[in-house]
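I have placed the structure first, in the form of structure tokens, so that the comments after it can refer back to it.
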Amino acid sequence: MSNPSHTAACRAARYPQSVRARVRRSRCGALPLAWLMLAAGSWGLTTVRPLWGQEALPADTAGAQDESAAQRIEPSPEWLRVTKNHEVWINFAAKQVMVGGRICLREGMLEMFACPRGTKEHESIVAVQSPARYVHAALVAIGARPGPPVRFDPIYQPAQGTEIDVEVLWRDHDGTEHRVRAQEWVKQMKTGEALTYPWVFAGSGFSTDPDGKEQYYYGDAGEFICVSNFSTATLDLPVESSAANETLMFGAYTDRIPPRDTPVMLLLTPKLPPPDTEQPAPNAKAPPAAEPPTPPPASEPAAPKVEPAAPPAEPAAPPPAPGKVTGSVTRPGGSV
Numbered sequence: 019m020s021n022p023s024h025t026a027a028c029r030a031a032r033y034p035q036s037v038r039a040r041v042r043r044s045r046c047g048a049l050p051l052a053w054l055m056l057a058a059g060s061w062g063l064t065t066v067r068p069l070w071g072q073e074a075l076p077a078d079t080a081g082a083q084d085e086s087a088a089q090r091i092e093p094s095p096e097w098l099r100v101t102k103n104h105e106v107w108i109n110f111a112a113k114q115v116m117v118g119g120r121i122c123l124r125e126g127m128l129e130m131f132a133c134p135r136g137t138k139e140h141e142s143i144v145a146v147q148s149p150a151r152y153v154h155a156a157l158v159a160i161g162a163r164p165g166p167p168v169r170f171d172p173i174y175q176p177a178q179g180t181e182i183d184v185e186v187l188w189r190d191h192d193g194t195e196h197r198v199r200a201q202e203w204v205k206q207m208k209t210g211e212a213l214t215y216p217w218v219f220a221g222s223g224f225s226t227d228p229d230g231k232e233q234y235y236y237g238d239a240g241e242f243i244c245v246s247n248f249s250t251a252t253l254d255l256p257v258e259s260s261a262a263n264e265t266l267m268f269g270a271y272t273d274r275i276p277p278r279d280t281p282v283m284l285l286l287t288p289k290l291p292p293p294d295t296e297q298p299a300p301n302a303k304a305p306p307a308a309e310p311p312t313p314p315p316a317s318e319p320a321a322p323k324v325e326p327a328a329p330p331a332e333p334a335a336p337p338p339a340p341g342k343v344t345g346s347v348t349r350p351g352g353s354v
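Residue 19 is where the sequence shown starts when you use the working numbering, and the numbers rise one by one after that.
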């Protein structure tokens with residue numbers, strides 16, 4: 019048998035860390051295969067190793083749970099929970115996705131509005147209790163179309179994809195429920211006003227290990243709902259927004275954000291196009307409509323029936339010259 023510590027050391031040397039591989043490597047979990055196929059289809063992949071099975075995010079302390087138990091919002095029965103260990107729900111009838119999380123920052127500059135817990139809480143307002151990949155799969159399942167993400171080379175091209183409305187639901191200490199657009203918690207530093215831009219479903223992407231056996235979703239490393247442009251973002255702004263520290267454009271709107279550790283729900287609603295109207299087949303030809311006969315006006319008498327004129331009589335043939343036959347005649351005994 020091999021030494022487990024030696025195997026782990028070899029594996030660590032074999033797969034060095036990089037900026038593109040900050041996502042935890044995980045083994046196959048228990049999500050239905052349908053979720054995997056939905057996610058795979060959205061990126062145009064034919065075979066994708068399941069990414070499910072990341073360990074449950076660390077639980078809060080008992081004291082914090084007791085304090086916020088009355089503030090938690092529980093989804094109603096029509097919401098289907100996507101995974102057992104993560105707080106993601108989907109409502110197929112309403113075509114919405116809900117993600118649970120907590121307030122993690124109220125003051126400071128922002129690169130994200132929301133990130134998966136344990137990643138970039140120092141520059142995000144909300145830490146969600148789920149990897150970003152589950153939210154991606156749920157959005158695809160209700161009809162949202164991802165990407166492509168932002169591009170910087172050779173020229174800047176903004177992120178594209180279905181526009182997603184993001185709302186925050188929470189209860190205060192008195193049990194009063196609140197619901198607000200996520201943009202209201204993000205301040206534009208130049209104007210002092212709330213964020214005016216929408217988010218689009220940029221779609222992030224995958225990286226693959228050197229053996230091609232495992233794939234990792236970039237957005238799981240922190241870039242879930244971004245306010246600075248990242249090519250790894252799941253949701254991004256469709257306008258140019260630098261992530262450089264000296265040019266950060268957005269900060270937390272402190273006066274509008276509940277206390278830290280307040281439980282919240284993020285409600286994601288894609289702006290889906292109306293269903294297409296049914297069109298006839300391109301080669302199909304509709305039969306011409308029959309036109310009803312037009313009756314004559316009642317005030318006018320019917321036109322009299324005109325009998326066709328008799329053909330003019332043919333002139334009589336001149337008598338034949340003697341000794342010359344000019345035709346045939348039938349008579350008893352033969353013809354001449």
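All C-beta atoms, glycine included, are put in the ideal place defined by N, C-alpha and C.
Between the C-alpha atoms of Ile91 and Val144, what's the straight-line distance to the nearest angstrom?
15 Å
Which two residues bound the contiguous beta strand (DSSP E) that contains Val186?
181-189
Would you give the residue range spanned by the alpha helix (DSSP H) that Arg151 belongs to?
150-159
Going by beta carbon distance, what residues of the same chain come within less than 7 Å of Glu296, once the five residues before and after it are set aside?
Note on Glu296: pLDDT 47, under 50, position unreliable in the model; the coordinate value appears next. So the list is empty, once near-sequence residues are dropped.
Where do the ends of the beta strand (DSSP E) carrying Met127 lie?
First-last for Met127: undefined, no H or E at that position.
So, helix, strand or coil for Arg135, using DSSP?
Coil, per DSSP.
Cβ of Leu286 within 7 Å of Cβ of Val184?
yes
Consult DSSP for Thr272 and reduce its assignment to one of helix, strand or coil.
helix
Report the partner residues of Gly118 according to the DSSP bridge assignment.
Met283
Check the DSSP bridge columns for His196 and list the partner residues they point to.
Trp188
Considering only residues of the same chain and omitting the five flanking positions on each side of Pro256, which have a CB-CB separation below 6 Å?
Pro176, Ala177, Val218
Is Ser260 helix, strand or coil when you go by DSSP?
coil
May I ask you to report which of helix, strand or coil DSSP gives Gln89?
Helix at Gln89.
Using the Cβ count rule (16 or more neighbours within 10 Å means buried), how would you classify Met207?
exposed
Do Gly221 and Gly165 come within 7 Å of each other at the CB atom, strictly closer than that value?
yes
DSSP state of Asp171 mapped onto helix, strand, coil
coil
Can you tell which of Leu98, Phe248, Glu96 has the C-alpha that lies nearest to the C-alpha of Arg169?
Phe248
Specify, as a first and last residue, the run of the beta strand (DSSP E) that Trp107 falls within.
106-109
Does Tyr215 come out as helix, strand or coil in the three-state DSSP assignment?
coil
What whole-angstrom Cβ distance do Tyr271 and Val198 have, given they're in contact under 8 Å?
At roughly 11 Å, the Cβ-Cβ gap does not stay under 8 Å, so Tyr271 and Val198 are not in contact.
With H, G and I counted as helix, E and B as strand and the rest as coil, what does DSSP make of Ser317?
Interpretation of Ser317 is limited by its pLDDT of 49, a score under 50 that renders its predicted location unreliable; the figure taken from the coordinates is listed afterwards. Ser317: coil per DSSP, three-state reduction.
Around the C-beta of Pro228, are 16 or more other C-beta atoms found within 10 angstroms, so that it is buried, or is it exposed?
exposed
Cβ-Cβ separation, Gly230 to Lys138 (assumed contact under 8 Å), whole Å:
The pair is not a contact, with the Cβ atoms about 28 Å apart (cut-off 8 Å).
Taking the C-alpha atoms as reference points, what is the distance between Pro276 and Arg163?
Computed Cα separation, rounded: 32 Å.
Inspect the beta-carbon positions of Ala156 and Val115 and report whether they are closer than 7 Å.
Taking a C-beta distance under 7 Å as the contact criterion, Ala156 and Val115 qualify as a contact pair.
Three-state secondary structure (DSSP) of Ala177
Note: Ala177 maps to coil in three-state DSSP.
Would a C-beta distance cut-off of 7 Å place Leu187 and Met127 closer than the cut-off?
no
For Glu296, three-class secondary structure by DSSP
Because the pLDDT at Glu296 is just 47, under 50, the model does not fix this residue reliably, and the point stays unresolved.
Residue span of the beta strand (DSSP E) that contains Phe224, given as start and end
224-226
Check the DSSP bridge columns for Asp229 and list the partner residues they point to.
Asp229 is not bridged to any residue.
Measuring CB to CB, does Thr280 end up less than 7 Å from Ile108?
no
Alpha carbon to alpha carbon, what distance is there between Val158 and Leu69?
Annotation note: pLDDT 35 at Leu69 (below 50); position unreliable, no value reported.
Whether Thr250 touches Tyr234 by CB criterion (7 Å)
no
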